[in-house]
Every structure is written in C-alpha cells, then in structure tokens.
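Down below is the structure, laid out as structure tokens.
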Amino acid sequence: MQIRSLFLKHLAQTNPEPIGLVINHAEGMYLYDNNGNKYIDLIAGISVSNVGHQHPDVLDAVKNQIDRNMHVMVYGEVIHDQTVNYAHWICSNMSPNLNSVYFVNSGSEATDTAMKLAKRYTKKSGFVAQNDSYHGSSQGPLSLMNDSYFTERYKPLLNGIYYINQNNLHELIDIQPSRIAAVVMELIQSERGALSATLEFVRYVREWCTKNNILLIVDEIQTGFYRTGKPFAYMHYGIEPDVILLGKALGGGMPMGAVVTSEKIMSSFTHNPILGHITTFGGHPVVAAAGFAANNWVFQNIKQLKVEEKSQLFKELLVHQKVKTVEGRGLLLACHLTTDINIVEFNQKLLAKRIFTDWFLFNMNAIRIAPPLIISNEEIKWVCKMILDTLNEYD
Ligand SMILES: Cc1ncc(COP(=O)(O)O)c(C=O)c1O
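Heads up: the sequence shown at position 104 corresponds to 221 in my numbering, and the numbers run straight through without jumps.
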C-alpha cells in the first residue's frame, strides 16, 4: 500500500481534506517530497522552526544528549543539566520576576497547567479570555475558546469563563473581578489573522489585574523567541505579565511547552497537595538541549536575522487590489485577502508553485506568513511575486 493510503487509513484524521504532502526530508528553508520536489516553508511548522530545519547546532546538541541519556524519571525529581541550564537561560532573557519555569509537553498543557496554577494561587476559579484566541485543544484551553463551531460538541467544558473582544475595555469593566483568577490573553491574536492588541488595552488589562488580585497570563506560544521582532511579544507593550505560556519554538523542533512565572506563584504547586501538576516527559533533556541550542542561536544572531526589515519587505511587496491588509508584527504575519478568494484553494495553488503555507482557525481569508526567521530577502521577493501572480489569476 502506498504511504498516502496508509496515512489516510491508519493515522487519525482531523480534516477531511488534509494537505497530505509526503515529507521526505527538510533542510533550512525547504521541505522535500518523495519525488525530489522542493517547497519553501512559509509557516515553520506553525511558528516552530525559527532556525529553519536541521540546524547544525540543534543536531549537535540532540546527538550529544542522546549519547548521554534520554528519559530517566518524571518531571522535577532528578537534575538534568540541559534542562536546568535552559530554564536559567529563559529566565535571564525575561523580566526579573519571571524566574521559575515548569516545562511541559505542549502549548495546550502549558495553558492547562497555568490555569491550575492561577486557581491555586488566587483561590479563585474564573477566567477572562478573548474571543477568537486559541490556547490549545485539551479541555482547559478549549474552555477559553468562545467559538461554538469548535466547542459546542465538547460541552460541558469549564464554567466561569468570561469572553471579551480584543481592545474592548468596556467589556472588561463590566466583569465582576472578585471571582476571576486570571486573564488569559494573546497580545497578537495569531489565529484571528495576526491582529495586535493596542497599547492602551494591554496596559488597562495589566492595571485591572493588579488592582483585583488577578493573574495576567500571556500566551507567547506563537509569539515567543523573536517571532515578532522582540524576544517576547509582551516586550512591545512595556508591561510585565504574571505568567507566560511558551511552546512551539521553545523546543527547537521538538515537542515542549512551559509555564514561566515567579518563584512565589510557582511554589503553590509544592504543597497542599504536593505534586500540583504531574507530567512524565516535561523538561526532557534531549528536547531541552534542542530548544536551548535553537533559541540561543537565534538570540546570538538576531541582528543578522533582521526580522523587522524582513517584515517590512513582506508588507511593502504584498500590494494588490485583492490584498486588504497585511497584519502582524515581525515574521508573524497574515496577508488578508478579499472575501471572494477561497483560501484553501488559494493555498493549493501556492503549493503547486512550491510554497507551503496554511490557513488560520478564525480567519478564512488570510494567508499565513510565519517562515523560519532565516528566510532571505531574495526568498521573500520570490514568495511575494508568486503570491501576487496567483492573485492575478483571480482578475
Ligand atoms: C497561541 C497558541 N496557544 C496555544 C497553542 C497550543 O499549542 P499546542 O498545539 O502545542 O498544544 C497554540 C497552537 O497553535 C497557539 O497558537
């Protein structure tokens, strides 16, 4: 049986029409199929492969750690230097109060863990979340999603969740804060089409949380590690969150999530009951080695990566009567098209031109542009030309 048929028969399917590209291997900016075709990667595995594929530093780090040991014991009981050093490095690149890391296995688990932590720390159980935000697919994060298409069939989910629209201060003012443990927010709503919160809104939310003993949990799972041009997106806003959620690029191409907060808040997990969150593989030393190598490389080479300039180049080049706007910051971009274009069909046309991209969960009229940060200006010019040529086919 062909690999594609086996994929459809034996691998759980979540989409009746998966992209179904057979990946033979990947290198740098490119994915290669079994026929030797080369595709430029415009999405980095959804904001994961910031250093591109098969980066030598990452491969060396993984190989070295595999030669020493892989999994030994569940999270938090034994000491792996790779994991500890990575936590130390992450904290040293964040605000001083964010000095304790709980490594988990995915972004969803990071969200779930942080929700538990907020309940423990504040002794309250409600949450405020934003409409059209995505924090993961397990039942905690799914409860934060206010999109009936995706959530209705899974109810009952958690109750006590209040939803507001990004940048709408009045909706927040209407919420009674006494039951709220945390506000969970993305500063750039990736799946809505990379739409940014305003400075005024974010600062107001920060003040509201501080005043009411509510934790501000910022989801940096897509925005972290220079994807938006700064180490973390909260740094665009001059605020300090109480809790940061990490994932995606955190693992340098391996699966990893994390909750970062203060030692004081994190210590809620150590007592009454102990083992506040348990996870077998969290902080896996091979994954930590990969993530550390990848992100250390990005931070050391950030000047040459010129994320802001590349962002600007995309925005300057993607001008067309069928392009409404290009939203987002850094290399977390969404090219919003006019509504007559079917995005799934459009992306298939791009795939035929050897460009690999994807659509957004809450916006079916935008092209996802989140390439590895190593993309060159020549590659950006070529990709934009291909996008414009494809748009011309609709005239
Ligand atoms: C902003 C954001 N938060 C959380 C998640 C969930 O991460 P994961 O798929 O690793 O569970 C995602 C995944 O797309 C995300 O984009």
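Yeah, the Cβ is synthetic: ideal placement off N, Cα and C, and Gly gets one too.
Beta-carbon spacing of residue i, residue j below 7 Å
i    : j    : result
K167 : L490 : According to the sequence shown, residue 167 is Asn rather than Lys. In contact: N167 and L490 (Cβ atoms closer than 7 Å).
L333 : D359 : yes
N480 : G310 : yes
R253 : S225 : In the sequence under discussion, the amino acid at residue 253 is Gly, which differs from the Arg named in the question. In contact: G253 and S225 (Cβ atoms closer than 7 Å).
Q283 : A314 : yes
V424 : Y354 : no
D174 : A410 : yes
N151 : V165 : no
H170 : E144 : yes
T507 : K466 : yes
V403 : V201 : no
P488 : L148 : no
Y251 : L478 : yes
I356 : V319 : yes
N263 : N248 : yes
A204 : V376 : no
A405 : Q256 : no
M146 : I163 : no
I497 : C452 : no
V443 : K427 : no
C501 : L422 : no
G374 : A227 : yes
L367 : H437 : no
N482 : L454 : yes
T268 : L259 : yes
S385 : N214 : no
Residue span of the alpha helix (DSSP H) that contains residue i, given as start and end
i    : result
L467 : I460 to A469
A411 : P402 to Q417
T268 : S265 to T268
T327 : L316 to K328
V424 : V424 to L434
R121 : I120 to H127
Q339 : Where Q339 is concerned, there is no enclosing alpha helix (DSSP H), given that its DSSP letter is neither H nor E.
H575 : Within the shown structure, residues of the chain are numbered from 118 to 512, placing residue 575 beyond reach of any answer.
P258 : Q256 to S260
Range of the contiguous beta strand (DSSP E) that encloses residue i
i    : result
M519 : The shown model of the chain, from 118 to 512, leaves out residue 519, and the question about it has no answer.
Y279 : I278 to I281
D336 : L332 to D336
K441 : V440 to R446
F220 : S217 to V221
A246 : G243 to Q247
A231 : Here A231 belongs to no beta strand (DSSP E); instead the alpha helix (DSSP H) covers G224 to T239.
I361 : V360 to L363
N453 : Note that residue 453 is His in the sequence shown, not Asn. Unbroken beta strand (DSSP E) run through H453: L449 to L454.
T507 : T507 -> not in any beta strand (DSSP E); alpha helix (DSSP H) instead, spanning N494 to N509.
I484 : A483 to I486
G374 : G374 to T378
Check: residue i C-beta below 6 Å from any heavy atom of ligand 2
i    : result
I338 : No copy of ligand 2 appears in this structure; the ligands present are ligand 1.
Can you find at least 3 beta carbon pairs, one from the segment 350-362 and one from the segment 294-312, that sit closer than 8 Å? Yes: at least three Cβ pairs fall under 8 Å.
The segment 209-229 in contact with the segment 397-410 per 3-pair CB rule at 8 Å: In this structure the segment 209-229 touches the segment 397-410; the number of beta carbon pairs closer than 8 Å is three or more.
Does the contact criterion of 3 or more C-beta pairs under 8 Å hold for the segment 119-136 versus the segment 428-448? With the cut-off at 8 Å, the segment 119-136 and the segment 428-448 do not touch.
Three CB pairs or more closer than 8 Å across the segment 269-288 and the segment 408-415: Using a C-beta cut-off of 8 Å, the segment 269-288 makes no contact with the segment 408-415, since fewer than three inter-stretch Cβ pairs fall below that distance.
With three or more C-beta pairs closer than 8 Å as the rule, is the segment 384-393 touching the segment 236-256? The count of Cβ pairs closer than 8 Å, one atom from the segment 236-256 and one from the segment 384-393, reaches three, so the stretches are in contact.
Assess contact between the segment 327-346 and the segment 361-370, defined as three or more Cβ pairs (one per stretch) separated by less than 8 Å. Is contact present? Because the criterion of three Cβ pairs below 8 Å is met, the segment 327-346 and the segment 361-370 touch.
Taking only runs that begin and end inside the segment 142-200, name each unbroken alpha helix (DSSP H) of 4 or more residues, in chain order. Correct list: 161-164 and 173-185.
Segment contact, 8 Å Cβ cut-off, at least three pairs: the segment 240-250 with the segment 463-474: The segment 240-250, when compared against the segment 463-474, does not touch it at the 8 Å Cβ threshold.
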